[in-house]
Each structure stands twice: as structure tokens, then as C-alpha cells.
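J.:
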Amino acid sequence: MIERRLLRPVLDRLGQFPAVALLGPRQAGKTTLAEHIAANDLTGRQSVYLDLEAPPDREKLADPGLYLSANEDKLVILDEIQRMPELFQTLRGLIDRGRRRGRRAGRFLLLGSASMELLRQSGESLAGRIAYVELDPLDILETGADKSEKLWIAGGFPDSFLAGNDDASAVWRENFIRTYLERDIPQFGQRIPAETLRRFWTMLAHAQGGLFNAAQFARGLAVEGKAVARYLDLMVDLLLVRRLPPFHANVRKRLVKSPKVYIRDSGIVHALLGLGDREAVLGHPVAGGSWEGFVVENLLNVSPDRTAASFYRTAAGAEIDLILDLPGGKRWAIEIKRGLAPRLDRGFHHAHQDIEPERAFIVHSGRDRYPVANGVDALGLHEMACELHDLTR
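Quick note: the sequence shown uses my numbering, first residue 26, plus one each step.
1. Could you check the C-alpha separation between alanine 179 and leucine 246 for me, to the nearest Å?
2. Exposed or buried, which one is aspartate 290 when buried takes at least 16 other CB atoms within 10 Å?
3. Check the DSSP bridge columns for phenylalanine 386 and list the partner residues they point to.
4. What does the Cβ neighbour count give for glutamine 378, buried or exposed, with the cut at 16 atoms within 10 Å?
5. By how many angstroms is the C-alpha of alanine 305 removed from the C-alpha of lysine 278?
6. Please classify glycine 137: does DSSP put it in a helix, a strand, or coil?
7. Between isoleucine 362 and isoleucine 345, how many whole angstroms is the CB-CB distance? I'm expecting something under 8 Å.
8. So, helix, strand or coil for alanine 95, using DSSP?
9. Applying the criterion that 16 or more other CB atoms from any shown protein chain within 10 Å of the CB defines a buried residue, is aspartate 88 buried or exposed?
10. For the alpha helix (DSSP H) that contains glutamate 322, what are its first and last residues?
11. So that I know if they touch, is there some Cβ in chain D lying closer than 7 Å to that of proline 110?
12. Please determine, among Lys355, Gly308 and Gly49, the residue with the shortest C-alpha to C-alpha distance to leucine 413.
13. Give the list of continuous beta strand (DSSP E) stretches no shorter than 3 residues that lie fully inside the segment 239–285.
14. Which residue from Leu349, Leu365 and Gly391 puts its Cα closest to that of leucine 416?
15. So is the beta-carbon of phenylalanine 272 under 6 Å away from any non-hydrogen atom of the ligand SAM?
16. With DSSP collapsed to three states, give me the class of alanine 366.
17. Kindly list the residues whose CB is nearer than 8 Å to the CB of valine 397, restricted to its own chain and excluding five residues on each side of it in sequence; keep chain order.
18. Suppose you measure from the CA of arginine 394 to the CA of glycine 299; what does that come to, to the nearest Å?
19. Within 10 angstroms of its Cβ, does isoleucine 19 collect 16 or more other Cβ (buried), or is it exposed?
20. Label methionine 26 either buried or exposed according to how many other C-beta atoms from any shown protein chain fall within 10 Å of its C-beta, with 16 as the threshold for buried.
21. Who are leucine 32's beta bridge partners in DSSP?
22. If you draw a straight line from the C-alpha of histidine 295 to the C-alpha of arginine 125, how long is it?
23. Could you tell me if serine 315 is buried or exposed, where buried requires 16 or more neighbouring beta carbons within 10 angstroms of its beta carbon?
24. My understanding is that valine 35 touches valine 196, with C-beta atoms under 8 Å, so please give their C-beta distance in whole angstroms.
25. For threonine 339, which of helix, strand or coil comes out of DSSP?
26. If we require 3 or more residues per run, which beta strand (DSSP E) segments fall completely within the segment 56–124?
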């Protein structure tokens, strides 16, 4: 088992809140992490695990109040909680009664594969009683700097990253995509033809890191623009796609208003485009966008809570790939370049003057660190991730 960075934060939240929701896409490792907590009694109490996709476990909750009350001294782990959103009303009553008897924390660990249902239901009934932790696929701090290229090519889903060879990894990712399209998405009541959604997902892969142009996607899919917006919202809610907003500030310049879109896992990008190994990826035009999305996702995974992320681009061409507004009012600017000898262009310098970040970096695919301009350091992804992660301590 690769040790997950979020183990400690999950335990800390369980020590503070009655319920903790661990959100993330399917197969990111939520169940493995929860089972590790349960098997090792890391909360100091026994645990009971229920998979809400398994009929026998769902049957146990025919009378949820009775079953959960009988296990009120245990940590109850409810996997795929979005399958039974009606449970939230019961959980609210149990939590409030437990609080009056002194049981204020560590009662429920809820695992969810999508944010939309879980956030809506908990917003109605568990406000003030629940903490959220998002578990993404593996990142570079968990796999190590020496595995960065493998992580980029295969992606961070554990079964893909740990597969024995490129072919096994590619087969796993292709089946992951098919399962999402044919089984998982219909469970959320989304009546979208699987082939249409796959074409949309593939179009996103081709446009990795580009500005989202709804009209262009609508023409390619022969659907209305509203439908394209709905498809994108769905993929964002399923935690499969990131919508990075443009930076907004009064800089008296014409700023780009469209968001950038990234498929959050680089391995899924490569699978959608049929790129099975390193050579295939490096020979494809998506390589630069794929690397950029890989870096963005890894850095956001390790950034402190309440970090606001955006990108900066003006109509005149001034651009910075990632702006991080960190807690405490700090602003970092990060440019992303694939290669070992990156250079900054005029657009970066103009953007740097516009937003005046406290610190600025250029992240490249090597490991060396060196200054490239006044106040701008070039460094590898692992070191950049460490810099951000150190801010959380």
C-alpha cells in the first residue's frame, strides 16, 4: 500500500467532526484508505463497513435508524453514499442526539464518488456536522520524484500506476472509461448516450489545457450549446475534469474570460487518445497540454486548504499558466514548461508585471533548480510540490 498523504488529515477531521465525507473519483483509493483506518483502529474505536452498492449491505439499512443506533459506539463507514442520499436525514438526527450525550466526533466516514449529490444533500441536512476531504489519485509526493514520468504517462489511479507493464495499465484505463460511461454515469440519472459522452470526453482530451469553447464543442457533437455546458458540469461534478477559472483583477487590460479545462488524470487523457506508452505520448501534439495538466493537478493536490487557483491571460498575449492565491494573502505565479532548459517569453514578463506575485516559478520536467530571471526560479515538479506542501505544516 502506498501511504496516502491524506491519512492524517482524515483522522484529524474525524477527531473534530461527527461526520467526514471523503470524496474522489472511483478507484482513487477511498475504500483502501477507509479499510486501512478500520483495520488498524486508527480512530481508537471499532469500525463497521457498509458498501451501499452491495444488496446485502443495503438490506441492513432497511431501517437505518435502528441499525446505526445499534452501532453508535463504532465508526460507521458508508461507501458510495450517493447511492442512498435519503440517509442524510437519519444521520442528522443520530448526530444531534449523540452530541447531546457527549458523542461529538468520529461517528461516520462517508465515501462518495461524486460531489454533486453528496454536496447537495449534506448542504441541506449536515451543515456544521460534516467536514469534506477530497482524495485524488496518487500524486508525485506519494510516488516519489523518480517515478514522475511513469506517473505522468500512466496517471495516478493506483491500479493503473501499479500495473505490471504499459499494456496492462492501458487496458485498465480503457475499462475504467467504459465502466464510467456505461454503468456509473447512468446511476446519477444522466440520460446522455454513452457514445456522445465518450466523444465529448475525447474532445476534451484533444483540447487538454485549452480555453473552453462551448460553441466549437457543440458543432463537433451536433448538439446545442446548453447540452455541452451540461456535459462539462457533469464531468466536473464527477471529479474527472477540472475547470480552471481566469484570473480577475483591475489591471486595465482586456482579460480572457473563458475557463481552461483539464481532464484531471493524465493517464485518462492518454487512454482516450489511444496513447499506450511514453513514445506514443511524446510523439503526439497533446504532450505539452498533458504535461501542463499533470503539473497543475499535482500542485493543486498539495496546496493548502482555501487556496484559490486561476490562470492569467490577456488578449495581447500576456500569460501565466497557474496563479495560486494562498491563505494569508500570498500570491504565487507558476509557468509550466516541458523540457530541461525552459525559457520565459515576453508574455510571462508582462503578466508578471501586471499581477506582481510574491514569488514566481517555472516548473520543468527535470530536477535542477536555478534562477532564470530576477525573482523567478526554475525547478522540478517534485521540489515545487514540496514547496507548496510545506505551507500546510
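Beta carbons are placed, not taken as given, at the ideal position from N, Cα and C, and that holds for glycine.
T.: According to the structure shown:
1. Whole-angstrom Cα-Cα distance: 28 Å.
2. Flag for aspartate 290 reads buried.
3. Residue pairing from DSSP places phenylalanine 386 in a beta bridge opposite Ile359 and Asp402.
4. Glutamine 378 is exposed by the Cβ-count criterion.
5. Cα to Cα, the separation comes out at about 40 Å.
6. In the structure shown, glycine 137 sits in a strand (DSSP, three-state: E or B).
7. Correcting the residue identity first, residue 362 is lysine in this sequence and not isoleucine. That pair is no contact at about 12 Å.
8. If DSSP states are grouped into helix, strand and coil, alanine 95 belongs with the helices.
9. Taking a 10 Å sphere around the C-beta of aspartate 88, we find fewer than 16 other C-beta atoms and assign the residue as exposed.
10. Counting along the chain, the unbroken alpha helix (DSSP H) around glutamate 322 starts and ends at 312–327.
11. Absent here is chain D; the protein component of the structure consists of one chain.
12. Comparing Cα positions, the closest option is Lys355.
13. Taking only runs of at least 3 residues, the beta strand (DSSP E) segments lying wholly in the segment 239–285 are 266–269.
14. Selection Leu349, Leu365 and Gly391 evaluated against leucine 416 yields Leu349 as nearest (Cα-Cα).
15. The ligand SAM is not part of the structure shown, which contains no ligands of any sort.
16. It is coil, neither helix nor strand.
17. Answer for valine 397: Pro367, Arg368, Leu369, Ile387 and Ala403, listed in chain order.
18. A straight line joining the alpha-carbon of arginine 394 with that of glycine 299 spans about 34 Å.
19. Shown here, the chain extends from 26 to 418; a query on residue 19 therefore has no answer.
20. In this structure methionine 26 is exposed. Its beta-carbon is surrounded by fewer than 16 other beta-carbon atoms within 10 angstroms.
21. In the DSSP output, where bridge partners are listed per residue, leucine 32 has none listed.
22. In this structure, the CA atom of histidine 295 is about 52 Å from the CA atom of arginine 125.
23. By the Cβ-count criterion, serine 315 is buried, with 16 or more other Cβ atoms from all chains shown falling within 10 Å of its own Cβ.
24. In fact, because the Cβ distance is near 31 Å, the residues do not count as touching under 8 Å.
25. Annotated three-state conformation of threonine 339 is strand, per DSSP.
26. Restricted to the segment 56–124, the beta strand (DSSP E) segments that are unbroken, complete and at least 3 residues in length are 72–76 and 100–104, listed in chain order.
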